[in-house]
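Novice: Questions regarding the structure given below will be posed in turn.
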Amino acid sequence: MQFVARILIVVAALLTSAGAVITRAYEREPPRVAHYVSEFARIGFILDRSGELPKLKFDGSEEILVLRWQPAAGGDRLLLRDDGEVVLRISGLGGMTLFTPALRGGTPVAPDRPAPPLLPPPPSIALVRDIAGRIMMQLRAETGKEILLEADWTSVGGDPSARGILFDAIRNAGTALFDVARSGPGRAAVSNYLKRVRFVQSRAPGIFFQGDMLVVNFSVEQGLAGRPSSYAILRQLRQIFR
Numbered sequence: 023m024q025f026v027a028r029i030l031i032v033v034a035a036l037l038t039s040a041g042a043v044i045t046r047a048y049e050r051e052p053p054r055v056a057h058y059v060s061e062f063a064r065i066g067f068i069l070d071r072s073g074e075l076p077k078l079k080f081d082g083s084e085e086i087l088v089l090r091w092q093p094a095a096g097g098d099r100l101l102l103r104d105d106g107e108v109v110l111r112i113s114g115l116g117g118m119t120l121f122t123p124a125l126r127g128g129t130p131v132a133p134d135r136p137a138p139p140l141l142p143p144p145p146s147i148a149l150v151r152d153i154a155g156r157i158m159m160q161l162r163a164e165t166g167k168e169i170l171l172e173a174d175w176t177s178v179g180g181d182p183s184a185r186g187i188l189f190d191a192i193r194n195a196g197t198a199l200f201d202v203a204r205s206g207p208g209r210a211a212v213s214n215y216l217k218r219v220r221f222v223q224s225r226a227p228g229i230f231f232q233g234d235m236l237v238v239n240f241s242v243e244q245g246l247a248g249r250p251s252s253y254a255i256l257r258q259l260r261q262i263f264r
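Basically the numbering used here = 1-based index in the sequence shown + 22.
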């Protein structure tokens, strides 16, 4: 009887310990919206998990990345960009690791202060056209060639949601084009093969080449997830111009 009692005590202790682990894991669940930093790398970002799809914005960057969940081994969860690259790994106990092109091995990060949700206000159509014009001027300076950025400005002008998604699509395309044009082979490819970038409202985001035109599809229905990130556009450009 004493042996059985000892077994029951051990089992009860194990169950209590498991319950404590679950409780600690629940308590360590990252906040819904917060600013994060790494102790080992000079990098910070806001992570907004208040919606169905998490959003992330690095310090010093204007681009908001929309991430998608993917389960991983050991009960961990991954957050991926739209080009398939892992940005964050969240462990079952709430620990978080950030991955970037410069930090392939990852660096642990933790929240250091509250932050507002990543909900940018819709820009005016004048601001949308202004960003397109400034990107065209900078591309001309980079490549020595006129590359037109086109969209149906009239139909987008009356829709605040469409203006916001188009604004981001244009800015993301500009970021990717500058990255390509600032390398020798990329500059030559952009100068020789690209004459226009056309932004088209569609059911889903996408990027493809049509003759001398790069077509960037954006979807208003999908919200911020409805425009390709600069990383997805850059990957497509590198495949085209390789």
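For each residue, glycine too, the CB sits at the ideal point set by N, CA and C.
Let me check understanding here. Comparing Cα to Cα, which of Leu140, Leu236, Val242 lies closest to Asp81?
Specialist: Ranking the options by Cα distance to Asp81, first place goes to Leu140.
Novice: Give the DSSP-derived three-state secondary structure of Phe121 in the structure shown.
Specialist: Note: Phe121 maps to strand in three-state DSSP.
Novice: In or out: Thr176 buried (at least 16 other Cβ within 10 Å) or exposed?
Specialist: The residue in question, Thr176, is exposed, as its Cβ has fewer than 16 Cβ neighbours within 10 Å.
Novice: Considering Ile68, what are the terminal residues of the beta strand (DSSP E) in which it resides?
Specialist: Where Ile68 is concerned, the enclosing beta strand (DSSP E) stretches over 66-70.
Novice: Taking 8 Å as the threshold (C-beta atoms), are Phe121 and Val109 in contact?
Specialist: Cβ distance < 8 Å, so Val109 and Phe121 count as in contact.
Novice: Output the boundary residues of the beta strand (DSSP E) element that contains Glu84.
Specialist: Run containing Glu84: none; DSSP gives neither H nor E here.
Novice: Take the Cβ of Ile44 as the centre, count every other Cβ of all protein chains shown within 10 Å, and call the residue buried at 16 or more, exposed below.
Specialist: Legend: pLDDT at Ile44 = 33, less than 50; position of this residue unreliable, no value from coordinates given.
Novice: For Gln92, which three-state DSSP category applies?
Specialist: Residue state, collapsed to three classes: strand.
Novice: I need the DSSP call for Asp234, collapsed to helix, strand or coil.
Specialist: Correct three-state label for Asp234: coil.
Novice: Would Asn239 and Glu85 qualify as a contact pair, given that the criterion is a beta-carbon distance under 8 Å?
Specialist: Contact: no.
Novice: Give a yes or no on whether the C-beta atoms belonging to Ser224 and Lys167 are separated by under 8 Å.
Specialist: Not in contact: Ser224 and Lys167 (Cβ atoms no closer than 8 Å).
Novice: If we count the other Cβ atoms within 10 Å of its Cβ and call it buried at 16 or more, is Ala148 buried or exposed?
Specialist: Exposed, by the Cβ-count rule.
Novice: Which full runs of the alpha helix (DSSP H) of 4+ residues lie inside the stretch 113-169, going along the chain?
Specialist: For the stretch 113-169, whole alpha helix (DSSP H) runs of length 4 or above, ordered along the chain, are 147-165.
Novice: When we look at the beta-carbon of Arg64 and count the other beta-carbons within 10 Å, is it buried (16 or more) or exposed?
Specialist: With fewer than 16 Cβ atoms within 10 Å of its Cβ, Arg64 is classed as exposed.
Novice: Across the stretch 149-169 and the stretch 64-78, are there enough close Cβ pairs to call them in contact, namely three or more that are closer than 8 Å?
Specialist: They do not touch, by the three-pair rule.
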